[in-house]
Amino acid sequence: MLDQIAAESRLFEAWSDEPWVVDGASVRVSLFCFGQGEDELRLDGKTVAQINSDLTAGSTDLTKAHRLVENKNIAFMGDTKGGAFDVPGELARSWLRMPVNPNGRPNSDVLRPWRNGIDVTRRPRDMWIVDFGSGMSEQQAALYEAPFQYIKEHVFPERTKNRRDAYRERWWRHVEARPALHSALHGHSRYVATPRVAKHRTFVWLDQSVLPDSRIFAFSRSDDVFFGILHSRFHEAWSLGTCSWHGVGNDPTYNSAGVFETFPFPAGLSPDVPAIRYEKDSRALAISTAARKLVDFRDAWLNPTDLVEMRPEAVSGFPDRILAKDTAAQAVLRERTLTNLYNRRPQWLIDAHAKLDAAVADAYGWPVDISDEEAMAKLMELNLSREAIGAGATSGKARKPRNPTPEEARRAPQMRLPIDGGLSTATTKEKSSGNMFGPQEAGAKRTRRNVRRAS
Numbered sequence: 000m001l002d003q004i005a006a007e008s009r010l011f012e013a014w015s016d017e018p019w020v021v022d023g024a025s026v027r028v029s030l031f032c033f034g035q036g037e038d039e040l041r042l043d044g045k046t047v048a049q050i051n052s053d054l055t056a057g058s059t060d061l062t063k064a065h066r067l068v069e070n071k072n073i074a075f076m077g078d079t080k081g082g083a084f085d086v087p088g089e090l091a092r093s094w095l096r097m098p099v100n101p102n103g104r105p106n107s108d109v110l111r112p113w114r115n116g117i118d119v120t121r122r123p124r125d126m127w128i129v130d131f132g133s134g135m136s137e138q139q140a141a142l143y144e145a146p147f148q149y150i151k152e153h154v155f156p157e158r159t160k161n162r163r164d165a166y167r168e169r170w171w172r173h174v175e176a177r178p179a180l181h182s183a184l185h186g187h188s189r190y191v192a193t194p195r196v197a198k199h200r201t202f203v204w205l206d207q208s209v210l211p212d213s214r215i216f217a218f219s220r221s222d223d224v225f226f227g228i229l230h231s232r233f234h235e236a237w238s239l240g241t242c243s244w245h246g247v248g249n250d251p252t253y254n255s256a257g258v259f260e261t262f263p264f265p266a267g268l269s270p271d272v273p274a275i276r277y278e279k280d281s282r283a284l285a286i287s288t289a290a291r292k293l294v295d296f297r298d299a300w301l302n303p304t305d306l307v308e309m310r311p312e313a314v315s316g317f318p319d320r321i322l323a324k325d326t327a328a329q330a331v332l333r334e335r336t337l338t339n340l341y342n343r344r345p346q347w348l349i350d351a352h353a354k355l356d357a358a359v360a361d362a363y364g365w366p367v368d369i370s371d372e373e374a375m376a377k378l379m380e381l382n383l384s385r386e387a388i389g390a391g392a393t394s395g396k397a398r399k400p401r402n403p404t405p406e407e408a409r410r411a412p413q414m415r416l417p418i419d420g421g422l423s424t425a426t427t428k429e430k431s432s433g434n435m436f437g438p439q440e441a442g443a444k445r446t447r448r449n450v451r452r453a454s
């Protein structure tokens, strides 16, 4: 909506992020005023040259960034289970150790380690999940006796109450199993993951056997170069400039359409280029080396070898378990989380990121000390140029219209300006929409946001 207001009117005063407590609800809001005139432009109480539709004052308006063809089908939201399919690790291991089922298959076919946002930002909780995939029939699933019986007792009662026919009738499957994600990850031994909502924008490696929850975004790449570019300060700044903010902590979010698919990678290192094609590129080698060093240092801090022991899983095909050597070690490890690490930012972490940032800057052809503002301007130029090149690759053929993504649908204009009616009419409309409050005649708007709690 703000995109349309900024295009058709004039934002002259705004507060980008304010706490708001009313009727017991504690949320954060943005307030903005718009209309024609020559009023001085003010953002968060300061005079600025312009106010962009994302309520920033920079000369680079990232809301105008386009989704890039070269970034498509790489980033995926994780699985939405829709019931108590998740089980403690010890229960899963008892099923893994059972004899094969009547179909001659082991329970490992339908059991996977499970990770959500908390497992990434804190420490893995040793949770597993029963996963019958997106195509297994109820009769086929029942042949995995113990896991099936468990979800029949813990999932079936609730799913039979679901209003959606597909969820109710196919109760033994996850509500959104993300088959496209599974297809994209096929052939990879690992993949990159990041929490959808987190205080710090961190990226981690997950083993291909791990099923990511919907609170995680997964990327179907397994090369260190891709990981390193994502974990550079340039992608972090881009993500903060294109994301929304959620939760009590007002933490930044991540998504595929607005954040990842708009981000332009260095030329020749984009996600549509197989890693094998740039494995000898000096730029790629520098990024890869720096990225591996960062991960090695982090892993050594998270799981010091004098505090942990590696133990093979109950059956093959899954990553080794990382276990504390004793209760004293367990107490120390409890505080060794990615969130705590990035809160502290020890010098070795700063240095490791600086080396990675330098390698990525060089890949773009930029000076190492380039400012974030200048980098965003250059990334925006790259984004717009590549969109034009991508559109020209159709050789003049008209593209078939596609359905908008949920993110595009959410951001699509909901009204046309000017809005007819006075205060009472406008207020009634706004209350019915549930996302705006305030006097329409003066052009003042107040939008509620950030009402979801961070994981």
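Numbering that gives the first Met the number 0 numbers the first residue of the sequence shown as 0 and each following residue consecutively. Glycine included, every Cβ here is placed at the ideal spot set by N, Cα and C.
Report the CB separation of residue i from residue j in whole angstroms; it is logged as a contact under 8 Å.
i: alanine 290; j: leucine 268; result: So it is not a contact: roughly 12 Å between Cβ atoms.
i: tryptophan 466; j: leucine 142; result: No answer is possible for residue 466: the residues shown for the chain start at 0 and end at 454.
i: leucine 322; j: arginine 335; result: Not really, about 14 Å apart at Cβ, beyond 8 Å.
i: alanine 13; j: leucine 42; result: 5 Å
i: alanine 256; j: arginine 122; result: About 30 Å separates the two Cβ atoms, so there is no contact after all.
i: methionine 375; j: alanine 236; result: 6 Å
i: leucine 95; j: asparagine 102; result: The pair is not a contact, with the Cβ atoms about 16 Å apart (cut-off 8 Å).
i: alanine 192; j: proline 178; result: Not confirmed; about 18 Å, so no contact.
i: valine 154; j: glycine 82; result: 4 Å
i: isoleucine 228; j: phenylalanine 264; result: 6 Å
i: lysine 458; j: glutamate 308; result: No information on residue 458 is available, as it lies outside the stretch 0 to 454 that the chain covers here.
i: isoleucine 150; j: phenylalanine 216; result: With 8 Å as the limit, isoleucine 150 and phenylalanine 216 do not qualify as a contact, their Cβ atoms being about 26 Å apart.
i: arginine 169; j: threonine 159; result: Wrong, their Cβ atoms sit about 12 Å apart, outside the cutoff.
For residue i, does the count of other Cβ atoms within 10 angstroms reach 16, so buried, or fall short, so exposed?
i: lysine 45; result: exposed
i: alanine 285; result: buried
i: arginine 276; result: exposed
i: serine 182; result: exposed
i: phenylalanine 11; result: buried
i: alanine 299; result: exposed
i: phenylalanine 233; result: buried
i: proline 18; result: exposed
i: threonine 252; result: buried
i: aspartate 223; result: buried
i: serine 281; result: exposed
i: serine 384; result: exposed
i: asparagine 342; result: exposed
i: asparagine 382; result: buried
i: alanine 360; result: buried
i: proline 146; result: buried
i: methionine 140; result: With the sequence shown as reference, residue 140 is identified as alanine, and methionine is not the correct amino acid for it. Buried, by the Cβ-count rule.
i: serine 238; result: buried
Based on DSSP bridge pairs, tell me the residues matched to residue i.
i: leucine 10; result: Phe33
i: glutamate 308; result: Leu322
i: alanine 74; result: Phe218
i: alanine 192; result: Val203 and Ala217
i: threonine 62; result: According to DSSP, which records beta bridges pairwise, threonine 62 is partnered with nothing at all.
i: threonine 46; result: Arg41
i: threonine 79; result: Glu175
i: leucine 210; result: Trp113
i: threonine 86; result: One point to set straight first is that residue 86 is valine, not threonine, in the sequence displayed. Valine 86 is bridged to Trp127.
i: valine 367; result: According to DSSP, which records beta bridges pairwise, valine 367 is partnered with nothing at all.
So, residue i versus residue j, is the Cβ gap smaller than 9 Å?
i: phenylalanine 225; j: tryptophan 204; result: no
i: lysine 354; j: tyrosine 363; result: no
i: glutamate 230; j: histidine 352; result: Reading the sequence as shown, one finds histidine at residue 230 and not glutamate. Yes. Within cutoff.
i: leucine 301; j: leucine 337; result: yes
i: aspartate 206; j: proline 87; result: no
i: phenylalanine 218; j: phenylalanine 75; result: yes
i: threonine 241; j: threonine 62; result: yes
i: proline 112; j: valine 209; result: yes
i: threonine 79; j: valine 196; result: no
i: arginine 306; j: alanine 274; result: A small correction: the amino acid at residue 306 is leucine; arginine does not occupy that position in the sequence shown. Cβ atoms of leucine 306 and alanine 274: not closer than 9 Å.
i: proline 270; j: asparagine 70; result: yes
i: threonine 304; j: alanine 358; result: no
i: methionine 135; j: arginine 172; result: yes
i: arginine 214; j: asparagine 51; result: no
i: arginine 189; j: isoleucine 73; result: no
i: glycine 132; j: alanine 165; result: no
i: aspartate 125; j: arginine 320; result: yes
i: methionine 379; j: aspartate 38; result: no
i: valine 119; j: proline 194; result: yes
i: arginine 297; j: leucine 340; result: yes
Can we count residue i as close to the ligand MN, meaning its CB is less than 8 Å from some heavy atom?
i: phenylalanine 75; result: Ligands displayed in this structure: none; no statement on the ligand MN is therefore possible.
Item to check | Length at least 3, wholly inside the region 122 to 185: the beta strand (DSSP E) runs in chain order | outcome: 126 to 129
Item to check | Complete runs of the beta strand (DSSP E) confined to the region 91 to 126 [at least 3 residues] | outcome: 110 to 114
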